[in-house]
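2 protein chains.
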Amino acid sequence: MNAFELYNSTKVVFGEDRVSRLGELVQPFGKRILLVYGGGSIKNSGLYDQVKAQLAGIDTVVHELPGIEPNPRLSTVNKGIQICRDEDIQFILAVGGGSVIDAAKAIAAGALYDGDVWDFTIGKAVVKQALPLGTILTLAATGSEMNGNSVISNWETKQKRAFGSRLVYPKFSILDPKLTYTVPVNQTVNGIVDIMSHVFEQYFSLTTDTPLQERFGESILLTVIENGEKAIANGSDYNARANLLLAGTYALNGTLPIGVVTDWATHGIEHEVSAIYDIAHGAGLAIIFPNWMKYVYKERVDRFVQFAVRVWGVDANGKTDDEIALEGIEATRAYFTRIGAPATLGELGINDENIQRMAEEATQFGPIGSYKKLAKEDVVNILKASL
Amino acid sequence: MNAFELYNSTKVVFGEDRVSRLGELVQPFGKRILLVYGGGSIKNSGLYDQVKAQLAGIDTVVHELPGIEPNPRLSTVNKGIQICRDEDIQFILAVGGGSVIDAAKAIAAGALYDGDVWDFTIGKAVVKQALPLGTILTLAATGSEMNGNSVISNWETKQKRAFGSRLVYPKFSILDPKLTYTVPVNQTVNGIVDIMSHVFEQYFSLTTDTPLQERFGESILLTVIENGEKAIANGSDYNARANLLLAGTYALNGTLPIGVVTDWATHGIEHEVSAIYDIAHGAGLAIIFPNWMKYVYKERVDRFVQFAVRVWGVDANGKTDDEIALEGIEATRAYFTRIGAPATLGELGINDENIQRMAEEATQFGPIGSYKKLAKEDVVNILKASL
């Protein structure tokens, strides 16, 4: 186990009808609020009205930035930054899934930065101050509700980049499983894949002697596997939705990476695919991850053997390590297929046209990943296997 | 799963030689420090000198309160409170195990309270403000390094009571596995039992549909079981010590009780035993917990079946639920015995003399526990079985 710091400043308020506490939670942060959200779903569900009523109850002035895209765009983030400056915004409230929260974080950091917010994603600047933000989560997926990460897309340059900062951890996140009842099946599926992928990026590590972190990762995977199918079968299954929501938060709230060298190559590759094709992040991960696994598993087969046995219940009897590992990878692919996730880029209408460009972009700052360091040619191979 | 809040304001700094960061961590909190510790072990190990050098490096005035007892006493806490008032202390640094940290928390809360700090433990007052505190942990056991709990003993009245407050979470806790190398075997054993007991109190619950919390609990137990014996065999096994330390923190840092009705009856009973006999908390728990388990398991046998199978690898084939559950309980007892923990109160020289009194005290505010609500007679039965 390596040295680490463990600290998370977000307060999670979890349970049915917890939006009723919104006013009390926002109150300490000021009166001038920017409300950030996506499409019309929060209006259809009544959540928008509830939020507005809570904010009215504490006598706030609310400005709105609707229309955050599924891969949130720099241009939209810049609109939000402009509103913050023009209206002297004191607090940002994100209502939606990970994209909405990521956009809110970029706005929070950009509003107090005298330059282009994109600078944070390319290492040209670090966040030194940010407006406080809070979230109401409506989708179990990204974990953005309890961390300092944000991913935004520059649609002009077809680039998708991330930044992270202690300063953009949400002050609070309200998680009500009932708010996820109306999530369509395909988005539920993408969320499941996203959560599992977050675990994979931290679980498949060359760091040894981290039994607790590994078992925590397996705990999240097993919970998602069991409850994912229940939530797909019945979107209004409270416990399935609650367990998915909690698993999604724990998959990326800093519990798994402590003392561990993490990988994140597959996310890097997927970001290049969705930067060009604007596909759902979860769909891209479902396609690429099993191919990454097959490409890298021999670097440290024992971790894949453990994964196969503990997570998928593979019977190791009389099999070689390679056979066990491959069975675990096949079980992963089979699960993704069973819940309705795509297995090839071809299914999404993507051909080999941009593979060189995507691999070039993914490795522009050098090889990616840590379990196996991937150079451009490795990324090309993984993408080709994903066609 | 029930509704819950998840928030932990402690920053854990984990790894070898992390005491070198003490100065930087203390600096924001002021110049007038109260250093709280136990016996001479931190002087023998060189840790005391290192701490003093770090505090001198940031130009602080350090007052000291040595001699915190293994079951920290109200009278000692009151001494610390007096020093805080007389010397206008701004920050409390606890260097030691859970007892030292618990005493520091009580001092932190008591220093700013215009009354008897004991009031917090009997519900006569709640903590409204507290001095900030930090810790350097030297023993994997209580979890006090990352929570707001404190247990203190009133030696005059033979009472041991707890209080909790958001305001006494340590601002930081430094966890260096090497600092636990010199912990004697018997204290290592008591720590192992304490950690496992913390999981038991939160795992054996009537709350259903909490798969993630249950699996997290099992993860901690399996990690402690594997690494406990390694740490006992070789006190300087870095990874064994590191894994125990991390498991101890996670067992009581708020990860396990979210959305769950927890029990804590066994801790309540043990507190009464150690209040009178001043035995080590871990020793008392090792004796009482298996007897509690046998007394209550039928309330919800499936949780005990799951425990037996997942934690102890009990083969369920062809057995009744009762048989499986009892096999898991026996495996727990056998593990405690194998690592050298006591199995009966008799081994500690305790007879039936004070059983009625202890049961009376334990239930003075009504039945205790939640898995099975225990009235005075139930506590008497469990204590008798523990003789």
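Just so you know, the protein sequences line up as chains X and A, in that order. Mind the numbering: the first sequence is residues 464 to 850 in my numbering, read in order. Mind the numbering: the second sequence is residues 464 to 850 in my numbering, read in order. Idealized CB from N, CA, C, for every residue including glycine. Here the structure is a predicted model, which means the values were calculated and not measured.
| Check | Outcome |
| --- | --- |
| Close-in-space but distant-in-sequence residues of the same chain around Ala-743 of chain X (CB under 6 Å, 5 per side omitted) | Asn-653 |
| Cα-Cα separation, Pro-647 of chain X to Pro-805 of chain X | 16 Å |
| 7 Å Cβ cutoff met for Pro-633 of chain A and Phe-492 of chain A | no |
| Exposure of Leu-669 of chain X, with buried meaning 16 or more beta-carbon neighbours within 10 Å | exposed |
| Beta-carbon neighbours of Phe-583 of chain X, restricted to chain A and to distances below 7 Å | What Phe-583 of chain X touches in chain A: nothing, since even the nearest Cβ is about 23 Å away. |
| Thr-686 of chain A, enclosing alpha helix (DSSP H) - first and last residue | 674–696 |
| Neighbourhood of Ser-737 of chain X by C-beta distance below 7 Å, restricted to the same chain and skipping five residues each side | Asn-534, Lys-623, His-744 and Gly-747 |
| Contacting positions in the stretch 470–485 of chain A - beta carbon closer than 9 Å to chain X | Tyr-470, Asn-471, Ser-472, Thr-473, Lys-474, Val-475, Val-476, Phe-477, Gly-478, Glu-479, Asp-480 and Arg-481 |
| Interface partners of Gly-722 of chain X on chain A, CB under 9 Å | Phe-477, Gly-478, Ala-705 and Leu-709 |
| Element boundaries [beta strand (DSSP E), containing Glu-527 of chain X] | 524–528 |
| Touching by the beta-carbon criterion (3+ pairs, under 8 Å), the stretch 840–847 of chain X and the stretch 760–779 of chain X | no |
| Closest residue to Gly-803 of chain A among A:Lys-847, A:Ile-732 and A:Gly-691 (Cα-Cα distance) | A:Gly-691 |
| Lys-839 of chain A to Lys-591 of chain A span [Cα, whole Å] | 33 Å |
| CB contact check: Phe-679 of chain X to chain A, cutoff 7 Å | yes |
| Below-7 Å beta-carbon distance, Ser-607 of chain A vs any chain X residue | no |
| Sequence-distant residues of its chain with Cβ nearer than 6 Å to Gly-832 of chain A (five each side left out) | Asp-726 and Ala-728 |
| Close beta carbons around Gly-573 of chain A, own chain, < 7 Å, minus the five adjacent residues each side | Val-540, Ile-544 and Val-580 |
| Assigned secondary structure, Asn-534 of chain A (DSSP; H/G/I helix, E/B strand, else coil) | coil |
| Cβ-based neighbour list, Met-659 of chain X, same chain, cut-off 7 Å, excluding 5 preceding and 5 following | Leu-684 and Val-687 |
| Extent of the continuous beta strand (DSSP E) run through Arg-763 of chain X | Where Arg-763 of chain X is concerned, there is no enclosing beta strand (DSSP E), given that its DSSP letter is neither H nor E. |
| is_contact[Asn-702 of chain A, chain X] using C-beta, thresh 7 Å | yes |
| Where the alpha helix (DSSP H) containing Gly-731 of chain A begins and where it ends | 728–740 |
| Per-residue contacts from Tyr-713 of chain A into chain X (C-beta, under 9 Å) | Leu-675, Phe-679 and Thr-718 |
| Inter-residue spacing [alpha-carbon to alpha-carbon] between Tyr-644 of chain X and Gly-559 of chain X | 13 Å |
| Nearest-angstrom beta carbon gap, Gly-597 of chain A and Leu-488 of chain A [assumed within contact, 8 Å] | 6 Å |
| Continuous beta strand (DSSP E) stretch holding Phe-554 of chain X: start and end | 554–559 |
| Close Cβ partners of Ala-714 of chain A (< 7 Å) along its chain, the five nearest in sequence each way excluded | Gly-606, Ile-658, His-661, Val-662 and Ile-683 |
| Ala-625 of chain X: first and last residue of the uninterrupted alpha helix (DSSP H) it sits in | Per DSSP, Ala-625 of chain X belongs to no alpha helix (DSSP H); it is in the beta strand (DSSP E), 622–627. |
| Under 8 Å from the C-beta of Met-422 of chain A: neighbouring residues of chain X | Any property of residue 422 of chain A remains undetermined from this structure, which presents chain A solely from 464 to 850. |
| Contacting residues, own chain, Cβ-Cβ under 6 Å from Leu-707 of chain A (five flanking each side not counted) | Ala-603, Asn-690 and Ala-694 |
| Rounded straight-line distance, which links the Cα of Lys-474 of chain X to that of Ile-818 of chain X | 41 Å |
| For Leu-669 of chain X, the three-state DSSP class (helix, strand or coil) | coil |
| Pick from A:Ala-567, A:Leu-808, A:Gly-680 and A:Glu-468 that is closest to Glu-733 of chain A, judged by C-alpha positions | A:Leu-808 |
| Distance CB(Ile-721 of chain A)-CB(Leu-469 of chain A) smaller than 7 Å | yes |
| Exposure of Gln-827 of chain A, with buried meaning 16 or more beta-carbon neighbours within 10 Å | exposed |
| Check whether Gln-676 of chain X and Leu-719 of chain X have beta carbons under 7 Å apart | yes |
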